[in-house]
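Numbering (full-length UniProt numbering), first residue to last: 1 to 66.
1) Once DSSP output is grouped into helix, strand and coil, what is the label at residue 62?
2) Express the C-alpha separation of residue 18 and residue 11 in angstroms, rounding to a whole number.
3) Helix, strand or coil for residue 46 per DSSP?
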């Protein structure tokens, strides 16, 4: 009779533990992403924007035949 109460309680406790562990892991992975991948993405976007500006400046400086 006691097993009817202990088994579900143990499963519930295991589920809570797995949920907390998953949540902690997700947070640490997101923190890693923000530190590394997001900074890389920002740098690449900045380089791309500067390239576009350089191209526009070159088109403005070079005379065209009309």
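Beta carbons: idealized from backbone N, C-alpha and C, even for Gly.
Just so we're clear, the structure is a prediction, and the values are computed from it rather than from any experiment.
Let me spell this out:
1) Three-state DSSP puts residue 62 in coil, outside helix and strand.
2) Going by the C-alpha atoms only, they are around 10 Å apart.
3) In this structure, DSSP gives residue 46 a helical state, which the three-state scheme calls helix.
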